[in-house]
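Only one structure is covered here, and it is reproduced in the block below.
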Amino acid sequence: MGSTAVITATNLVKRYGTLEVVKGINFSVPAGQCFGLLGPNGAGKSTTMRMIMGLSEITSGELEVFGETATDMSREVKAKIGLVPQESNLDPDITVRENLVAFGRYFALSKPVIDQRSKKLLDFMQLSDKEFAPVNALSGGMKRRLTIARALIGDPEMVILDEPTTGLDPQARVLIWKQLMELKRDGRTLLLTTHYMDEAQRLCDQIVVIDNGMILDQGTPDELIARHVKGFVFEVQKPNLAASPDDRWEQEDIGDSVLYFVDDTAEFIVDLPQDAIYLHRPANLEDVFLRLTGRKLREN
Ligand SMILES: Nc1ncnc2c1ncn2[C@@H]1O[C@H](COP(=O)(O)OP(=O)(O)OP(=O)(O)O)[C@@H](O)[C@H]1O
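Just so you know, we're using full-length UniProt numbering here: the sequence shown kicks off at 1 and counts up by one.
Here it is, written out as C-alpha cells:
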C-alpha cells in the first residue's frame, strides 16, 4: 500500500545516566494502522512512548513524528496527537461534560465546536447518559472511555494509548476495542502499548516486541505467529510427562505444564501417554511472546 509513516525511529537510544534502557531501535508506524508496542515490565515501552510524545529527551538517534523531531514538535503537530495516558488525569470534581469542555478550551476550540464534538464523543463512547455526572460517580470502564473521548476532542490524526484496558473487566474491554476499531476505520493511526496479547491480536496491524530496550521482532500478528510458533500448541500437564513427547518438539516450560509447538497434531497425539491431561489449541501471540522473551507478559 506504501502508506506514509507517521512515526519513524532510527537507531533510537535512551540512557538514564549510564543505564541504557532503549538500545538503538528502528521502527516506523504507518498512517492509518494500529501499531502495538509489546514487552514485559521494564522493557522500555513507556520510555519510547514518552520520547514519541516529546516528554523525554532522546539520547541519540532520530525520532520523527509527522515529519518533525519529537523533542521539537510544533503546536500544529502536537495538535495532531491525542494522548490516552495510563493514569487517568481526569478532574474528579467536575462533570463528565466539563472535563471535555476544559480540554477543548486547552486546544483553543470555539464553543460551538466544543459543544458539537462533546456531544458526538459522549455518544461515541456511550457516555451520553453520564453527561452531567461527576467523574467520581463513574466506573473504571467509564472513566477510561471518558479519557479516550477527551483525547479525541482535538480531532487528532493519531491516538497514543498506554495500556488502554488494563484493570478493566471483559465487557468494558470489548467495548473499548470496538470503539478503537471504529477510530481505525475512520483513518486514524493508533499507537498502543499493552500487556494483553488478545488485545494486540485483535487490534494491531503491526507489532513490535521489545525487551531489555531491544526489538526482538516485528511484523503482523500472523507473521509473528508463523515465524516463531507452529500452527498448534499442546499444553500438557506435568505429572503426565514421564513418557511424553521428546525433544523433537519445540517446547517451553511454563511451570505446571509444558507447551509443545507442533504442526502435525496427529503425530504428536500418538506420542502422548494415554492418560495425559492436555489442552490443544491454535497458536497465538501469547506463545510468540513466550518464545521471544522467555516469560509471561503479565508478571504482576
Ligand atoms: N526516570 C528514570 N530514571 C532511571 N531509570 C528509569 C527511568 N524511567 C524508567 N527507567 C528504567 O528504564 C527501564 C525501562 O522502563 P519503562 O518504564 O520504559 O518500561 P516499560 O516497558 O514501560 O515497563 P512497564 O510495562 O512496567 O510500564 C526500566 O528498567 C526502568 O527502571
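Ideal Cβ positions, reconstructed from N, Cα and C, are used throughout, including at glycine.
Asked	Found
Measuring CA to CA, which of L285, V288, D287 and V236 is closest to Q274?	V236
Counting C-beta neighbours from all protein chains within 10 Å, is the total for G32 16 or more, i.e. buried, or is it exposed?	buried
Go through the segment 41–122 residue by residue and report every complete run of the alpha helix (DSSP H) that reaches 4 residues or more, in order.	45–52, 75–78 and 96–106
Can you tell me whether DSSP reads V229 as helix, strand or coil?	coil
Name the residue from K14, L180, L122 and L83 whose alpha carbon lies nearest to the alpha carbon of D162.	L83
According to DSSP, what are the bridge partners of L38?	T194 and V209
Exposed or buried, what is S60 when buried is set at 16 or more other beta-carbons lying within 10 Å of its beta-carbon?	exposed
Could you compute how far the alpha carbon of K130 sits from the alpha carbon of R50?	32 Å
Within the present structure, is the beta-carbon of L19 separated from the nearest heavy atom of ligand 1 by less than 7 Å?	yes
Excluding sequence positions up to five away, which residues of its chain have a Cβ less than 8 Å from the Cβ of E299?	In this predicted model, E299 has a pLDDT of only 48, less than 50, meaning its place in the structure is not dependable; the value taken from the coordinates is given anyway. Result list for E299: P40 and N41, in chain order.
Give me the Cα-Cα distance between L297 and E199, rounded to the nearest whole angstrom.	Low confidence applies here, because L297 scores a pLDDT of 46, under 50, leaving its location unreliable and the question unanswered by this model.
Taking 7 Å as the cut-off, is the C-beta of G42 nearer than that to any heavy atom in ligand 1?	yes
Could you tell me the distance, in whole angstroms, from the CA atom of D205 to the CA atom of G67?	22 Å
In this structure, how does DSSP classify S139 when only helix, strand and coil are distinguished?	coil
From L168 to T193, what does the alpha carbon distance come to, in whole angstroms?	15 Å
Using alpha carbons as the reference points, say which of E98, E286, M214 and Y16 lies closest to H228.	E286
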